[in-house]
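Q:
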Amino acid sequence: MIQVTDIALTSFLAQGYGENSLKSRAAGAYLGLAVGDALGATVEFLTPGEIRERYGEHRDMCGGGWLRLRKGQVTDDTEMSLALGRSILDAGGVDPETVAEAFSVWMRNKPVDIGHTVRRGIVHYRQTGETQVPEDDYGAGNGACMRCLPVALAYLGADEIAVTRASQLQSHITHNNALADLGTLTVIRMVQSALLIGERKELKHLTDDLVAADGKYAYENKRMDSPSGYIVDTLRVVFQSLFATGDFESALVDVVNRGGDADSTGAILGMIAGALYGVGSIPGRWISALDEDITNAALEQAQSLLHLSPFCRGIC
Ligand code: MN
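Residue numbering for the sequence shown is 475 to 790, as defined by our numbering.
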């Protein structure tokens, strides 16, 4: 029964967008982010051993976790992405005041989870009106990276300077740190490369460039488990899982079973792998567990943001 629903939903989505089309990849990126967040949140802060004990291999949506989530419920990673995406659509691009206001409204509505650095940045905006926090080590958390997908979509085909500027404007509202900027820009480039080219070796080149820019990001020597929210730990695990697997489901199962900051590793890997493999590759049982309004908002934003991009120029 579940299997039939699974196949029906997946093929419906794939057909609706055309298999492997740019639209399918964009929808895959946004739903990939949401399902990775929801799947990972169940096991956030656990070690791989604790996950094995409680869930065997964690591969089904079941909610719970330290946040006591409903089955399929997403957290701040997806919610902040949707807030950022809406603000980009409202302003026609990343306008820091519009984004900061959207984050502030989101925080006022008592989100199920909010990172310390994110809260600090939004409070800073409310108190000073400034849309940039001072540069510091707190900014090396993964909180700006986990919500970067709308920038990747809206700035598809934009020149390097414009993409970098848009990424930093949205990031620096809460996280102002050069190491995080490098990692976040790499994730945006990986999503854009997956959308336009769709080849794993291109994604590998982008991670090689990142490691060349800062050796802290070297990820190939030692397997990492229980990644923290430090952007370097988070991305090393994301890259390991991406390149150790060959399909969306295996990649996401691999990364969330490493535990640690599993909702954010799931969200970031989900957006890259969803863009690479397309929406038809995401298990239907995961998509159908999401709240319908989250699925609809993700699908709507994926297409609207793409439509806004210089690559599409309002045509696709
Ligand atoms: Mn989260």
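Each residue gets a CB set at the ideal place from its N, CA and C atoms; glycine is no exception.
Note that the structure is a prediction, hence the values are computed from the model and not measured.
#1: Is D765 near the ligand MN, going by C-beta to nearest heavy atom under 7 Å?
#2: Identify the continuous alpha helix (DSSP H) that holds I742 and give its terminal residues.
#3: Just the C-alpha distance for Y693 and D610, rounded to the nearest angstrom, thanks.
#4: Would a C-beta distance cut-off of 8 Å place G733 and G506 closer than the cut-off?
#5: Exposed or buried, T602, counting other C-beta atoms within 10 Å across all chains shown (16 or more means buried)?
#6: Helix, strand or coil for Y599 per DSSP?
#7: Which same chain residues end up closer than 8 Å to L680 when comparing Cβ atoms and leaving out the 5 residues on each side of it in sequence?
#8: Which value, in whole angstroms, describes the spacing of the CA atoms of H781 and N494?
#9: Would a C-beta distance cut-off of 8 Å place V548 and A576 closer than the cut-off?
#10: What's the call for W424, buried or exposed, on a 16-neighbour Cβ count within 10 Å?
#11: So is V509 in contact with chain B if we call contact Cβ pairs under 8 Å?
#12: For E531 and I525, what's the separation of their Cα atoms in angstroms?
#13: Just to confirm my understanding: we take N731, look at its own chain, exclude 5 residues before and 5 after, and list those with CB closer than 7 Å. What are they?
#14: By DSSP's criteria, Y704 is part of a beta bridge. Which residues make up the other side?
#15: Using 7 Å as the cut-off, classify the Cβ of T591 as near or not near the heavy atoms of the ligand MN, replying yes or no.
#16: In angstroms, rounded to a whole number, what distance separates the CA positions of A636 and A628?
#17: Going by Cα to Cα distance, which pick from R639, S645, C622, A725 is closest to L612?
#18: In the DSSP assignment, the alpha helix (DSSP H) including S641 goes from what residue to what residue?
#19: Apart from the five residues just before and just after M554, which ones in its own chain have a Cβ nearer than 6 Å to its Cβ?
#20: Taking 7 Å as the cut-off, is the CB of D551 close to at least one heavy atom of the ligand MN?
#21: Short of 6 Å in beta carbon distance, which residues of its chain neighbour A501, apart from the five on each side in sequence? Order them along the chain.
#22: For the putative contact between A747 and L716, defined by C-beta atoms under 8 Å, what is the C-beta separation to the nearest angstrom?
#23: Take I588 and list the residues in its own chain whose beta-carbon comes closer than 8 Å to its own, dropping the five residues that flank it on each side.
#24: In the DSSP assignment, find the unbroken alpha helix (DSSP H) run with I562 in it and report its ends.
#25: Give me the Cβ distance between G615 and H649, rounded to the nearest whole Å; I'm assuming they're in contact under 8 Å.
A: Straight from the coordinates:
#1: As a first step, residue 765 must be located in the sequence shown, where it is residue number 291. Because no heavy atom of the ligand MN lies under 7 Å away, the Cβ of D765 does not count as near it: no.
#2: On the sequence shown, position 268 is the one that residue 742 refers to. Where I742 is concerned, the enclosing alpha helix (DSSP H) stretches over 736 to 751.
#3: Working through the sequence shown from its first residue, we reach residue 693 at position 219. Working through the sequence shown from its first residue, we reach residue 610 at position 136. For Y693 and D610, the distance between alpha carbons rounds to 24 Å.
#4: Counting from 1 along the sequence shown, the entry for residue 733 is found at position 259. Counting from 1 along the sequence shown, the entry for residue 506 is found at position 32. In this structure, G506 does not lie closer than 8 Å to G733 by Cβ.
#5: Within the sequence shown, residue 602 is the residue found at index 128, counting from 1. Exposed, since its Cβ has fewer than 16 Cβ neighbours within 10 Å.
#6: Start at 1 with the first residue of the sequence shown, and residue 599 comes out as number 125. Note: Y599 maps to helix in three-state DSSP.
#7: Sequence index remark: in the sequence shown, residue 680 carries index 206 (1-based). The residues are T660, R663, M664, S667.
#8: Counted from its first residue, the sequence shown places residue 781 at position 307. Counted from its first residue, the sequence shown places residue 494 at position 20. Cα to Cα, H781 sits roughly 17 Å from N494.
#9: Counting from one through the sequence shown, the residue named residue 548 turns up at place 74. Counting from one through the sequence shown, the residue named residue 576 turns up at place 102. Cβ atoms of V548 and A576: not closer than 8 Å.
#10: Nothing in the structure corresponds to residue 424, since the chain is present only between 475 and 790.
#11: No chain B is part of this structure, which consists of one protein chain only.
#12: Locating residue 531 in the sequence shown gives position 57, counting from the first residue. Locating residue 525 in the sequence shown gives position 51, counting from the first residue. Cα-Cα distance, rounded: 7 Å.
#13: For this step, residue 731 is matched to residue 257 along the sequence shown. Within the same chain, N731 has close Cβ partners P522, I525, E531, H532.
#14: The count along the sequence shown starts at 1 and reaches residue 704 at position 230. Partner(s): G615.
#15: By 1-based counting over the sequence shown, the position of residue 591 is 117. Taking 7 Å as the cut-off, the C-beta of T591 does not count as close to any heavy atom of the ligand MN.
#16: Here residue 636 corresponds to residue number 162 of the sequence shown, with the count starting at 1. Here residue 628 corresponds to residue number 154 of the sequence shown, with the count starting at 1. The alpha-carbon atoms of A636 and A628 are separated by roughly 11 Å.
#17: One-based indexing of the sequence shown puts residue 612 at position 138. Reading off the sequence shown, one finds Tyr at residue 612, where the question assumed Leu. The shortest C-alpha separation from Y612 is found at S645.
#18: Position 167 of the sequence shown holds residue 641. Element bounds for S641: 634 to 645.
#19: Taking the sequence shown and counting its residues from 1, the one referred to as residue 554 is at position 80. Within the same chain, M554 has close Cβ partners R621.
#20: Within the sequence shown, numbered from 1, the residue matching residue 551 stands at position 77. Distances taken from the Cβ of D551 to the heavy atoms of the ligand MN include one shorter than 7 Å.
#21: Along the sequence shown, read from residue 1 onward, the residue named residue 501 stands at position 27. Closer than 6 Å at the Cβ level, and outside the excluded window around A501, lie Y491, V753, L773, A776.
#22: In the sequence shown, counting from the first residue as 1, residue 747 sits at position 273. In the sequence shown, counting from the first residue as 1, residue 716 sits at position 242. Between L716 and A747 the Cβ distance is about 6 Å, and since that is below 8 Å, they are a contact.
#23: Sequence index remark: in the sequence shown, residue 588 carries index 114 (1-based). Hits under 8 Å: D550, M581.
#24: For the purposes of this step, residue 562 is taken as residue 88 along the sequence shown, with counting starting at 1. Segment 550 to 565, the alpha helix (DSSP H) holding I562.
#25: The residue you call residue 615 lines up with position 141 of the sequence shown. The residue you call residue 649 lines up with position 175 of the sequence shown. Yes, G615 and H649 are in contact; Cβ-Cβ is about 6 Å, under 8 Å.
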